[in-house]
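Scroll down for the structure; my scribbles are underneath it.
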């Protein structure tokens, strides 16, 4: 039965497509291209916006503060007095980055626990760079 049906269908002449079919295909293709352009424009706009935001954020993270922040009494209580030798001998990017984090924490009025943790990290980092020099207590 399948062979007979297959032979009958194969023997049928091919019908020419209606002229409306080509119009619908062209319209569908135009819609597809418009959607793709919309997605591409949206992605490009998003990437451009992220790049602009990144450019404005970069100077804040890299540029040093022009004026030193005013330290509160809590900041002075948390800050251990260290001799200048460890900071100069360490001179690493990690210490500078941690100092920036401390400045930002003071600027946003961070909690005493957060400040204490940052100072502990800084103290440990300096100790790892210069094991012979210890913090000086006042």
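Numbering (my numbering), first residue to last: 818 to 955. The beta carbon of each residue, even a glycine, is placed where N, CA and C say it ideally should be.
- Note on geometry: alpha-carbon atoms of residue 944 and residue 938 lie some 10 Å from one another.
- A direct Cα-Cα distance of roughly 15 Å separates residue 862 from residue 852.
- Boundaries of the alpha helix (DSSP H) around residue 939: 929 to 946.
- The continuous stretches of alpha helix (DSSP H) do not include residue 831, and DSSP gives it neither H nor E.
- For residue 913, the uninterrupted alpha helix (DSSP H) segment begins and ends at 910 to 924.
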